Amino acid sequence: MNPSQVQRVHLYPLAIPLRQTFSHAAAERRTADPVVVAVELRTGHVGYGETLPREYVTGETVSSVIEDIARRLLPGVERWHPSSFAEALELTDALPYRRDDGRLMLAARAGLELALLDAYSRHFRRPVSEAAGWLGLPGFGPPGSIRTVRYSGVLSAGDPAKLRGLVRKMRWFGLRDFKLKVGFEDDDRRVRTVVDALGPSLGRKTTLRLDANGGWSVETAVRRLTAWSSLPIACIEQPLPRGQERHVRDLCVAAPFPIMQDESLLTYEDAEAMILQGAMDILNIRISKNGGLLPAMRLAGLARQKKLRFQLGCLVGETSILSAAGRRFLECVPGAMFAEGSYGRFLLRGDIAARPLCFGYGGRVKALAGFGWGVQVNPSALTSYCADDAVELTL
Numbered sequence: 046m047n048p049s050q051v052q053r054v055h056l057y058p059l060a061i062p063l064r065q066t067f068s069h070a071a072a073e074r075r076t077a078d079p080v081v082v083a084v085e086l087r088t089g090h091v092g093y094g095e096t097l098p099r100e101y102v103t104g105e106t107v108s109s110v111i112e113d114i115a116r117r118l119l120p121g122v123e124r125w126h127p128s129s130f131a132e133a134l135e136l137t138d139a140l141p142y143r144r145d146d147g148r149l150m151l152a153a154r155a156g157l158e159l160a161l162l163d164a165y166s167r168h169f170r171r172p173v174s175e176a177a178g179w180l181g182l183p184g185f186g187p188p189g190s191i192r193t194v195r196y197s198g199v200l201s202a203g204d205p206a207k208l209r210g211l212v213r214k215m216r217w218f219g220l221r222d223f224k225l226k227v228g229f230e231d232d233d234r235r236v237r238t239v240v241d242a243l244g245p246s247l248g249r250k251t252t253l254r255l256d257a258n259g260g261w262s263v264e265t266a267v268r269r270l271t272a273w274s275s276l277p278i279a280c281i282e283q284p285l286p287r288g289q290e291r292h293v294r295d296l297c298v299a300a301p302f303p304i305m306q307d308e309s310l311l312t313y314e315d316a317e318a319m320i321l322q323g324a325m326d327i328l329n330i331r332i333s334k335n336g337g338l339l340p341a342m343r344l345a346g347l348a349r350q351k352k353l354r355f356q357l358g359c360l361v362g363e364t365s366i367l368s369a370a371g372r373r374f375l376e377c378v379p380g381a382m383f384a385e386g387s388y389g390r391f392l393l394r395g396d397i398a399a400r401p402l403c404f405g406y407g408g409r410v411k412a413l414a415g416f417g418w419g420v421q422v423n424p425s426a427l428t429s430y431c432a433d434d435a436v437e438l439t440l
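Numbers in our numbering are just positions in the sequence shown, counted from 1, shifted up by 45.
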């Protein structure tokens, strides 16, 4: 038996309470519901991955992720016996994105991919950053964006009167980049409240971007953007639902705001199509949404090739595993415009890492040490936060 073979996989559907309700135009959450994937090699090395399925984004659910990993992604992995980290990258990169019926399984793929990368990085004692060289992306590799980008403060839906206080607290903590969730009846009041709270710093020392999560119609978007055309807004994220990208040019006429695509940007093919249509100025790359670290890096490579901007996004409720994978992305990828995630104790009431990750003052973070994701997962925490029985798969 080859020591690099996968011998066992555990799937943990978790439920971790949030410190506050987080709302946007597409959903409201009080609990984080990640699926953690643990891959054990015959050497005893264990790698961890994490994913957060969102039915309104990729069409996936917690149950579909577990089924797709068990029935569609794992078969054949038991025959892997890589002799180097480069070979492990090649095998992992070949994991499929779609089922035979064409349905996407990006979240499922991301969870398994991250676990395999973590396990093989630790087994071969090679840093995850070597993936940048293996992918052949020009200019990629440490230090990437880790020294220059800062993590953003995200303001969810809620009473406009509370927004001013939240902005003040975030500014006291040194945050300079902000995102406000829009797509509600009181959008105008809420946007102007945040603009007023940021004051003269906005557009100079601070930035504000708006995220509609696809909650506007074309008519509503044109009306809103026309009303805000004089405001120093950095960009508008996902103004229209997926499938309405052809109308983005109408929005650009209404107001000269750059358009960031998120829910419309799932695959590399999506990115190519929107670039061709002129429907996207900025890419919101999210590791779980886009199928894993390797496809996320490829999307960043495409953005740089086409001279477009991009950000590292996140999904509400990520634990330290996805936060660490996001840090590795930033360590490898130059030119990130904004970063989201690593909220740690600011958002979650608990975590599964022995030392949970969280950004520091000003949204700054440092490169992580060690192989894999550089975090130590606490197995007892995995068990305690399980929303249902863990699934054990022996290969």
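Glycine residues also receive a C-beta, built at the ideal position from the N, C-alpha and C atoms. From a predicted model like this one, the values you see are computed outputs, not experimental measurements.
### Query
By the 10 Å Cβ neighbour count, where 16 or more other Cβ atoms means buried, how is W217 classified, buried or exposed?
exposed
### Query
Do you know offhand how far L338's Cα is from D241's?
38 Å
#### Entry: Whole-angstrom distance between R331 and L311, CA atom to CA atom
9 Å
### Query
In the DSSP assignment, what are the bridge partners of C403?
Looking at the DSSP assignment, C403 forms no beta bridge with any residue, so it has no partner.
### Query
In angstroms, rounded to a whole number, what distance separates the CA positions of L225 and E290?
21 Å
### Message
Tell me the rounded alpha-carbon separation between R249 and T106.
### Response
41 Å
### Cutoff 7 Å; reference G419; Cβ partners in own chain excluding five residues on either side
A369, L413
### Query
The beta strand (DSSP E) spanning C297 covers which residue range?
It is not in any beta strand (DSSP E) - C297 instead sits in the alpha helix (DSSP H) that spans 293-299.
### Query
With C-beta atoms as the reference, is V110 less than 8 Å away from G94?
no
### Message
Report the CB separation of P62 from R372 in whole angstroms; it is logged as a contact under 8 Å.
### Response
Incorrect: roughly 24 Å between the Cβ atoms, too far for contact.
### Task
Express the C-alpha separation of F302 and P274 in angstroms, rounding to a whole number.
Sequence check: residue 274 is Ser here, not Pro. S274 and F302: Cα-Cα distance of roughly 8 Å.
### Query
Roughly how many angstroms lie between the CA atoms of T442 and Y196, to the nearest whole one?
Outside the modelled stretch of the chain, which goes from 46 to 440, sits residue 442, for which no answer is possible.
### Query
With 16 as the cutoff for other CB atoms within 10 Å, does F391 come out buried or exposed?
exposed
### Residue closest to A266, alpha-carbon to alpha-carbon, out of V236, R237, T251, G228
G228
### Query
Thinking just about the alpha-carbon of each residue, which of T238, M305, G184, L353 is nearest to the one in A279?
M305
### Task
Could you name the residues that DSSP lists as bridge partners for V51?
L86
### Task
List the whole-angstrom C-beta distance separating A176 from V91, where the pair is believed to meet the contact cut-off of C-beta under 8 Å.
Incorrect: roughly 20 Å between the Cβ atoms, too far for contact.
### Message
Between which two residues does the alpha helix (DSSP H) holding M342 run?
### Response
338-350
### Task
Assess, as a yes-or-no matter, whether the segment 173-189 is touched by the segment 207-217 under the definition of 3 or more beta carbon pairs within less than 8 Å.
no
### Task
Just grab the DSSP bridge partners of D256 for me.
K226, E282
### Query
Buried or exposed: L321, going by 16 or more other Cβ atoms within 10 Å of its Cβ?
exposed
### Task
Assign N258 to buried or exposed, taking buried as 16 or more other Cβ atoms, counted over all protein chains shown, within 10 Å of its Cβ.
buried
### Message
Report the CB separation of L162 from G104 in whole angstroms; it is logged as a contact under 8 Å.
### Response
In fact, because the Cβ distance is near 24 Å, the residues do not count as touching under 8 Å.
### Unbroken alpha helix (DSSP H) run spanning E132, endpoints
130-138
### Nonlocal neighbours in the same chain, by C-beta distance under 8 Å from L375, ignoring five residues either side
G189, S190, I191, V194, L357, A381, A384, V410
### Message
Starting from Y93, trace the beta strand (DSSP E) in both directions and tell me its first and last residue.
### Response
91-96
### Message
For Q421 and D396, what's the separation of their Cα atoms in angstroms?
### Response
11 Å
### Nearest-angstrom Cα separation, counted from I281 out to L438
43 Å
### Task
Taking S262 and R287 to be in contact with their CB atoms under 8 Å, please state how far apart those CB atoms are, rounded to whole angstroms.
Actually they do not touch by this definition, with Cβ atoms about 14 Å apart.
### Query
From G260, G219, F223, R87, pick the residue whose C-alpha is nearest to that of D232; which is it?
G260
### Message
On the DSSP letters alone, give me the boundaries of the beta strand (DSSP E) that I304 sits inside.
### Response
304-306
### Query
Which residues mark the beginning and the end of the beta strand (DSSP E) in which I320 is found?
Note, I320: premise wrong, no beta strand (DSSP E); alpha helix (DSSP H) at 313-322.
### Query
CB Q65 to CB E123, shorter than 8 Å?
no
### Rounded straight-line distance, which links the Cα of G389 to that of P172
24 Å
### Query
Mind checking whether the beta-carbon of W418 lies closer than 7 Å to any heavy atom of the ligand NAD?
Judged by which ligands are present, the structure shown has none, so any question about the ligand NAD falls away.
### Query
If you compare alpha carbons, which of A345, F404, A77, A133 is closest to P48?
A133
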